[in-house]
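See structure below.
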Amino acid sequence: MITFYTYLRQTPTWPNGINDGKIIFTSLKNAGADYIHFASEGKGFNHGCLTKDGESLPKFAREITGLPVIANGGLDHSGEANRIFEDGHADLIALGTGALANPDWPNRLKNKDKILPFNPDMFTSGVTIEDQFKWEDAADIQY
Ligand SMILES: Cc1cc2nc3c(=O)[nH]c(=O)nc-3n(C[C@H](O)[C@H](O)[C@H](O)COP(=O)(O)O)c2cc1C
């Protein structure tokens, strides 16, 4: 399994839009990448994954490489997550802040439980799972 860390965060400003993506994605495939994982900078999927002309880079990467593509950016909202699959943007989604706030996110979605918003204060006791439980107890977070 080969993982390339590619910083695709400036996609909206790529001067040649989707044509720059074509060069980069093809190069990744030719270098032996097993998958391509897009990240956003916390401003949502559209900000991180669409070109300035609104074209979907993950969808394009899927089409021209045939590789599995992972999308990211505010996808802990079920409507947004569904949209990614329905519109063919990606094969998988990855959660950052949503997974920190909801470590059991798949079950929450399945059971239609509340999806909690991310709160950076959760790191005030430390960064381990035990520290997070301490913060939840102190903040009286109800799961
Ligand atoms: C605590 C924390 C640490 C992160 N560390 C990294 C990192 O080391 N490398 C990286 O590319 N992105 C990192 N990210 C960004 C996430 O991978 C993700 O792209 C971003 O949070 C947007 O996704 P989200 O809307 O699901 O949170 C980090 C995010 C958080 C909240």
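Okay, so the sequence shown: first residue is 6 according to this note's numbering, each after it adds one. Cβ coordinates follow ideal geometry from the N, Cα and C atoms, glycine included. In this text, all values refer to a predicted model and were calculated from it rather than measured experimentally.
In this structure, ligand 1 has a non-hydrogen atom nearer than 7 Å to the beta-carbon of S45.
DSSP places A36 in the coil class of the three-state scheme, outside both helix and strand. S45 and C54 have their C-alpha atoms roughly 7 Å apart.
Remark: C-beta atoms of N124 and A143 do not approach each other more closely than 8 Å.
Distances between the C-beta of G84 and the heavy atoms of ligand 1 are all 7 Å or more. Residue environment for H94: buried (at least 16 other C-beta atoms within 10 angstroms of its C-beta). Spanning the alpha carbons of G131 and E141 requires a straight line of approximately 12 Å. Here F50 is buried, its C-beta having at least 16 other C-beta atoms within 10 Å.
Shortest gap from the CB of T129 to any heavy atom of ligand 1: 7 Å or more.
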